[in-house]
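S.K.:
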Amino acid sequence: MQVATRDAYGQALKELGEQYPDVVVLDADLSKSTKTVDFARAFPDRFFDMGIAEQNMMAVAAGLAASGKVVFASTFAIFATGRAYEQIRNSVAYAQLNVKVCATHAGITVGEDGSSHQSVEDIALMRVIPNMKVVVPADGPSTAWAVRAIYHQPGPVYLRMGRPKVPVVYDSVADLKIGQSVKLRDGGDVGILACGIMVSEALQAAAMLAEKGIEATVLDVHTIKPLDRESILETARKTGCLVTAEEHSIIGGLGGAVSELTASEYPVPVVRVGVRDLFGQSGNPRELMEYYGLTAQEIANAAQISMSQKG
Amino acid sequence: MREINQQVIEKIESKARRLRREVIRMVGIAGSGHPGGALSAADLVACLYFWEMRYDPKRPDWPDRDRFVLSKGHAAPLLYAVLAESGFFPPEMLGTLRRLGSPLQGHPDMRKLPGVEASTGSLGQGIGWAVGMALAARLDGRDSRVYVLLGDGELEEGMVWEAVMAASHYRLGNLVALIDNNGLQIDGPLSDVMSVEPIGDKFRAFGWETREIDGHEIGAILHTLNEARQVKDRPFAVIARTVKGKGCSFMEGQVDWHGKAPTPEELERALREFDSV
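If you read the sequences in order, they're chains H and V. Using this note's numbering, the letters of the first sequence correspond one by one to residues 6 to 316. Using this note's numbering, the letters of the second sequence correspond one by one to residues 19 to 295.
1. Which ranges would you report for the alpha helix (DSSP H) in the segment 107-173 of chain V if only whole runs of at least 4 residues count?
2. Hey, would you say D198(V) sits closer than 8 Å to G233(V), going by beta carbons?
3. Judging by CA-CA distance, which residue of Q101(H), K170(H), S124(H) and N61(H) is the nearest neighbour of E175(V)?
4. Could you check where the beta strand (DSSP E) with E227(V) kicks off and where it finishes?
5. Out of L130(H), A129(H) and A111(H), which has the shortest C-alpha to C-alpha gap to S121(H)?
6. Please check if any C-beta of chain V sits within less than 8 Å of the C-beta of K243(H).
7. Taking Cβ to Cβ, would you say P126(V) is nearer than 8 Å to F106(V)?
8. 8 Å is my cut-off, CB to CB: does W80(V) come that close to chain H?
9. Evaluate contact between the segment 252-270 of chain H and the segment 84-93 of chain H, counting only Cβ atoms and requiring at least three cross-stretch pairs below 8 Å.
10. Looking at P95(V) and P132(V), is the spacing between their C-beta atoms short of 8 Å?
11. Find out if the Cβ-Cβ distance for the pair Y25(H), Y156(H) is shorter than 8 Å.
12. Taking contact to mean 3 or more Cβ pairs, one atom from each stretch, closer than 8 Å, check whether the segment 107-118 of chain V and the segment 31-49 of chain V are in contact.
13. Tell me the rounded alpha-carbon separation between I93(H) and V278(H).
14. Judging by CA-CA distance, which residue of E103(V), Y165(V) and Q24(V) is the nearest neighbour of L190(V)?
15. Hey, which unbroken runs of the alpha helix (DSSP H) at 4 residues or more fall wholly within the segment 12-40 of chain H?
16. Can you give me, in chain order, the residues of the segment 61-80 of chain H that have a beta carbon less than 9 Å from any beta carbon in chain V?
17. If I measure Cβ to Cβ from T249(H) and keep anything under 6 Å in the same chain, skipping five residues before and after, which residues do I get?
18. Our contact map puts V178(V) next to G218(V) with C-beta atoms below 8 Å; I'd like the distance itself, whole angstroms only.
19. Contact between the segment 32-42 of chain V and the segment 302-315 of chain H: three or more CB pairs below 8 Å?
20. Name the residues in the segment 24-57 of chain H whose C-beta lies less than 8 Å from a C-beta of chain V; which are they?
21. Does the beta carbon of G201(V) sit closer than 8 Å to a beta carbon anywhere in chain H?
22. For A64(H) versus G146(V), is the C-beta distance shorter than 8 Å?
23. Taking 8 Å as the CB-CB cut-off, is E239(H) touching chain V?
24. Select from N200(V), R252(V), H241(V) and Q248(V) the residue whose C-alpha is nearest the C-alpha of A326(V).
25. Answer yes or no: does any C-beta atom of chain V fall closer than 8 Å to that of Q16(H)?
26. With a threshold of 16 other CB atoms inside 10 Å of the CB of V30(H), please say whether the residue is buried or exposed.
27. What are the complete alpha helix (DSSP H) segments, minimum 4 residues, inside the segment 59-102 of chain H?
28. Can you have a look at A268(H) and say buried or exposed, based on whether 16 or more other CB atoms are within 10 angstroms of its CB?
29. Using only alpha-carbon positions, find the residue among S79(H), I128(H), N136(H) and M166(H) that is nearest to E149(H).
30. Would you say E245(V) lies against chain H (beta-carbon separation less than 8 Å)?
31. Report the CB separation of A70(H) from L102(H) in whole angstroms; it is logged as a contact under 8 Å.
32. May I ask you to report which of helix, strand or coil DSSP gives R281(H)?
33. Against chain V, which members of the segment 148-162 of chain H pass a CB distance test of less than 7 Å?
34. As a quick exercise: from E215(V), V149(V) and G171(V), pick the residue whose alpha carbon is nearest that of H187(V).
35. Looking at A155(V): is its Cβ nearer than 8 Å to the Cβ of S72(H)?
36. Using a C-beta to C-beta distance shorter than 9 Å, which residues of chain H count as neighbours of Q123(V)?
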């Protein structure tokens with residue numbers, strides 16, 4: 006089964022609105038794409054379209070949150086984190102406000118719209134801001150979980166979602182917790198740490214490796230910040246080599262975070278699968294994933310390289 | 019409605035003088051800061067805190083309070099002076115401005131000091147906060163009003179006009195923007211650096227009700243704030259013509275005093291001037 010994380014977001018947000026009257030939603034003229042339109046139709050009084058003005062949207066979110074609202078502010082990832090970066094930094098995060106920046110259309114799988122709309126830097130941009138938490142769910146069910154979880158998480162959060170339908174990874178999300186990665190497969194030869202749509206690719210890679218007699222541990226690192234240090238270091242100790250996989254630049258995202266952690270705590274080879282310091286381009290999502298090397302095959306190759314680098 | 023009479027005006031004039039004296043003293047002790055734009059806005063802020071706004075310093079989180087957002091966050095010493103004078107925290111704290119660990123940060127931090135409604139400093143953002151606060155008040159059915167003070171140079175920030183557009187679109191009759199129109203920014207006169215005039219026309223074009231007044235005439239400020247209360251269906255902008263450095267003879271109209279502290283000798287001279295009034 007395939008579900009777009011943004012569709013799961015729209016549905017979950019509407020359900021959240023039914024339960025909690027303090028939820029207020031902002032969008033920047035993209036509500037039909039980000040799916041906040043579901044909330045807007047159900048609760049027109051608590052939805053404000055701020056027009057094509059992302060910077061002001063974040064400052065308005067701050068003002069609403071300073072008045073006791075739990076604000077979900079949505080637009081595409083590049084405009085949320087790029088256009089309005091400094092507003093998120095100074096007005097939302099510094100003030101520790103209850104603003105959830107919920108961005109869709111992250112990564113290259115935006116597809117045909119091309120580079121201007123494809124964010125490969127947003128995890129890095131959000132991760133570096135103090136007080137900010139960063140959550141990148143793998144599929145529809147875990148996105149719905151994340152929407153509820155971040156409502157209950159005081160302070161600013163960045164939630165990263167995508168445009169296309171993606172495979173469902175989770176049967177049950179009952180045990181998910183912010184800041185705690187999920188072990189989806191256990192193996193002693195290599196650890197594959199993935200987030201977002203690369204989680205299902207990582208599981209496929211692990212199956213491909215198993216055919217060659219290589220057993221991989223696969224972690225869904227859905228929370229990039231705070232990073233689940235314990236599970237990642239435990240995997241590093243057990244397997245002695247790691248691969249990271251993300252639909253994001255190999256600089257500053259999950260791969261960056263894991264490398265920073267292992268370099269200082271338990272140095273092991275880390276091979277990063279992701280966009281290699283490039284802008285995206287037009288194409289259909291699957292073509293682009295092949296072109297930029299965001300596939301199960303690429304992860305399996307990286308696993309073997311990482312294993313060959315073990316001391 | 020309370021009567022605006024000579025006695026009221028004189029009381030607020032005297033309060034504004036105290037705020038100015040305190041601003042110069044604080045910046046002098048701190049050895050850095052922005053006196054010019056704090057002094058130009060002192061009369062506007064005195065009118066808000068000592069006449070116009072509803073608040074309770076014992077309950078800084080009272081939901082029904084009116085809100086003041088200092089969008090021109092570099093005028094922080096003025097905000098701190100008025101909050102101390104209004105009883106939000108002990109005046110002795112004013113001497114800690116800009117020191118390591120002080121709640122009186124170089125620019126306002128709402129998490130460190132009671133009475134500060136918004137963490138500002140990066141120009142252009144406070145008016146967006148104010149729009150959010152005005153929307154929240156309406157959502158909650160509170161009659162709270164929101165006042166936001168902007169510098170005229172600050173109007174050069176593009177996002178100000180995003181917020182101005184949104185305030186008009188959402189017909190925020192509970193929002194008042196005060197523009198401290200002192201005509202100077204760090205690099206020189208606005209007319210040389212980047213012209214923003216005609217300010218009133220711009221706000222009117224965006225659908226705001228506007229008044230252009232002398233920002234140092236207490237009676238005019240109070241009457242204008244009264245008028246703003248009568249406008250229920252759109253936001254209200256007060257374009258207040260002011261003098262940068264107002265009240266300190268050697269700072270008045272001097273661009274250099276935007277972000278410079280007085281030396282001990284200058285501080286003494288300035289305080290003497292205030293005390294001789």
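Cβ coordinates follow ideal geometry from the N, Cα and C atoms, glycine included. Remember, it's a predicted structure, so these values are computed and weren't measured experimentally.
M.R.: Based on what the coordinates show:
1. 144-158
2. Indexing the second sequence from 1 puts residue 198(V) at position 180. Indexing the second sequence from 1 puts residue 233(V) at position 215. Yes, these two residues count as a Cβ contact at 8 Å.
3. Position 157 of the second sequence holds residue 175(V). If we check each option's Cα against that of E175(V), N61(H) comes out closest.
4. Here the question's residue 227(V) lines up with position 209 in the second sequence. That run of the beta strand (DSSP E) goes E227 to D232.
5. Position 116 of the first sequence, counting from 1, holds the residue named residue 121(H). Here the closest residue by C-alpha is A111(H).
6. Walking along the first sequence from the start, residue 243(H) turns up at place 238. With its beta carbon at least 8 Å from every one in chain V, K243(H) lies outside the interface.
7. As a first step, residue 126(V) is located in the second sequence; it is residue number 108 there, counting from the start. As a first step, residue 106(V) is located in the second sequence; it is residue number 88 there, counting from the start. Cβ atoms of P126(V) and F106(V): not closer than 8 Å.
8. The residue you call residue 80(V) lines up with position 62 of the second sequence. Taking Cβ atoms only, chain H never reaches closer than 8 Å to W80(V), which makes this a no.
9. no
10. For the purposes of this step, residue 132(V) is taken as residue 114 along the second sequence, with counting starting at 1. For the purposes of this step, residue 95(V) is taken as residue 77 along the second sequence, with counting starting at 1. For P132(V) and P95(V), no; Cβs fall outside 8 Å.
11. If you number the first sequence from 1, residue 25(H) lands on position 20. If you number the first sequence from 1, residue 156(H) lands on position 151. Against a cut-off of 8 Å, the Cβ pair of Y156(H) and Y25(H) comes out as a contact.
12. Enough Cβ pairs lie closer than 8 Å, so yes.
13. In the first sequence, the residue the question calls residue 93(H) occupies position 88. In the first sequence, the residue the question calls residue 278(H) occupies position 273. Cα to Cα, the separation comes out at about 28 Å.
14. Here residue 190(V) corresponds to residue number 172 of the second sequence, with the count starting at 1. Nearest option by C-alpha distance: Y165(V).
15. 36-39
16. N61, M62, M63, A64, V65, A66, A67, G68, L69, A70, A71, S72, G73, K74 and V76
17. Here residue 249(H) refers to the residue found at position 244 when the first sequence is read from its first residue. Around T249(H): L198, L259, G260, V263 and R277.
18. If you number the second sequence from 1, residue 178(V) lands on position 160. If you number the second sequence from 1, residue 218(V) lands on position 200. Not a contact, Cβ separation roughly 15 Å.
19. no
20. V29, D50, R51, F53, M55 and G56
21. On the second sequence, position 183 is the one that residue 201(V) refers to. By this cut-off, G201(V) is not an interface position.
22. Sequence index remark: in the first sequence, residue 64(H) carries index 59 (1-based). Sequence index remark: in the second sequence, residue 146(V) carries index 128 (1-based). Result yes, Cβ atoms of A64(H) and G146(V) sit closer than 8 Å.
23. Here residue 239(H) corresponds to residue number 234 of the first sequence, with the count starting at 1. Not an interface residue.
24. In the structure displayed, chain V extends from 19 to 295; residue 326(V) sits before or after that span and is not available.
25. Here residue 16(H) refers to the residue found at position 11 of the first sequence. With 8 Å as the cut-off, Q16(H) does not count as an interface residue toward chain V.
26. The residue you call residue 30(H) lines up with position 25 of the first sequence. Per the 10 Å Cβ criterion, buried.
27. 59-71
28. As a first step, residue 268(H) is located in the first sequence; it is residue number 263 there, counting from the start. Counting Cβ neighbours within 10 Å, A268(H) comes out exposed, since fewer than 16 surround it.
29. As a working note, residue 149(H) is residue 144 in the first sequence. One point to set straight first is that residue 149(H) is Ala, not Glu, in the sequence displayed. It is M166(H).
30. The residue given as residue 245(V) occupies position 227 in the second sequence. Output row for E245(V): interface = no.
31. Along the first sequence, read from residue 1 onward, the residue named residue 70(H) stands at position 65. Along the first sequence, read from residue 1 onward, the residue named residue 102(H) stands at position 97. That belief holds up - the Cβ atoms of A70(H) and L102(H) are roughly 4 Å apart, short of 8 Å.
32. Looking up residue 281(H) in the first sequence gives position 276. Three-state result, R281(H): coil.
33. none
34. If you number the second sequence from 1, residue 187(V) lands on position 169. Comparing Cα positions, the closest option is V149(V).
35. Here residue 155(V) refers to the residue found at position 137 of the second sequence. Here residue 72(H) refers to the residue found at position 67 of the first sequence. Yes, Cβ-Cβ distance for A155(V) and S72(H) is below 8 Å.
36. Here residue 123(V) is taken as the residue at index 105 of the second sequence, counted from 1. Per Cβ cutoff of 9 Å: no residues; Q123(V) is ~10 Å from chain H at best.
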